[in-house]
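Position one of the sequence shown corresponds to residue 3 (the working numbering), numbered consecutively onward. What follows is one structure encoded as structure tokens, with my remarks underneath.
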Amino acid sequence: MEELNRSLFLAINASAEASLPMRELAVFLAQWLVLSVPLLLLMLWVFGGRRQRMIVLIATLSIVFALACNLLIRDLWFHPRPFMLGLGQNFLAHAPGASFPSDHASGMFAMAFALILVSLYRTGLVMLALALLVSWARVYLGVHFPFDILGGCLVGLLSACLVRQGLAWRDLDQRLLTLLEGIYQRLIPLGRHGS
3 MEELNRSLFL AINASAEASL PMRELAVFLA QWLVLSVPLL LLMLWVFGGR RQRMIVLIAT
63 LSIVFALACN LLIRDLWFHP RPFMLGLGQN FLAHAPGASF PSDHASGMFA MAFALILVSL
123 YRTGLVMLAL ALLVSWARVY LGVHFPFDIL GGCLVGLLSA CLVRQGLAWR DLDQRLLTLL
183 EGIYQRLIPL GRHGS
């Protein structure tokens, strides 16, 4: 499996002769496109009603759960990043550390699957496409292996499913949302319009 992972990485990773515009596009995708997630969640919370805020709750908890799972996985099994092994080209400054699973992929896929699970299919599919772009860019730039992305996708999917099911238990989602809306309305009086 490791040989396949390395072969796929070398097939996707940018060569030393890769064009500057292509590398700059990949850097934008790898570093900045991920910011669409908190921006979308913030806009849904501030400008949306109760249904949109429920979506924010489910998506946010899915992302947090996915990232927590990643910490546990990394404690159990360390896999170095490609540049730590001297493999391929690295065009994105990154601290050395565990690469499996990818946090960027886990978070983006958790968001996408959470949206799909709450029946926002189009938005979820758009987010899925963005997750794939971010994931491709991180392999292209040399900071992740393809299996890091696959692992992140699976962690994101499982996290979204578990959070969705867990919140449905005894109306926990409704009670938690009511609590969070109350805190929000006390902290930001302008937030009262969304209730």
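Ideal Cβ placement from N, Cα and C applies to all residues, glycine included. A quick note: this is a predicted structure, and the numbers were derived from the prediction, not measured.
May I have the straight-line CA-CA distance separating Q91 from F85, to the nearest angstrom? Walking along the sequence shown from the start, residue 91 turns up at place 89. Walking along the sequence shown from the start, residue 85 turns up at place 83. Computed Cα separation, rounded: 7 Å.
Which residue or residues does DSSP assign as beta-bridge partners of A100? Against the sequence shown, residue 100 aligns to sequence position 98. Beta-bridge pairing links A100 to P82.
Tell me whether the beta-carbon of A61 lies closer than 7 Å to the beta-carbon of M113. Taking the first residue of the sequence shown as 1, we reach residue 61 at position 59. Taking the first residue of the sequence shown as 1, we reach residue 113 at position 111. Contact flag set, yes.
For F30, which option in L182, R83, S137, Q176 has the closest C-alpha, if you only look at C-alpha atoms? Taking the sequence shown and counting its residues from 1, the one referred to as residue 30 is at position 28. With distances taken between Cα atoms, F30 lies closest to S137.
Should D150 go down as buried or exposed, given a rule of 16 or more other Cβ atoms within 10 Å for buried? Numbered from 1 along the sequence shown, position 148 holds the residue referred to as residue 150. Its Cβ being crowded by 16 or more others within 10 Å, D150 is buried.
Looking at the structure shown, is N15 part of a helix, part of a strand, or coil, going by DSSP? The residue labelled residue 15 in the question sits at position 13 within the sequence shown. Coil, per DSSP.
L143 and L94: beta carbons closer than 7 Å? One-based indexing of the sequence shown puts residue 143 at position 141. One-based indexing of the sequence shown puts residue 94 at position 92. Their beta carbons are under 7 Å apart, which means L143 touches L94 by this criterion.
Any 3 or more C-beta pairs closer than 8 Å across the region 16 to 27 and the region 123 to 133: no
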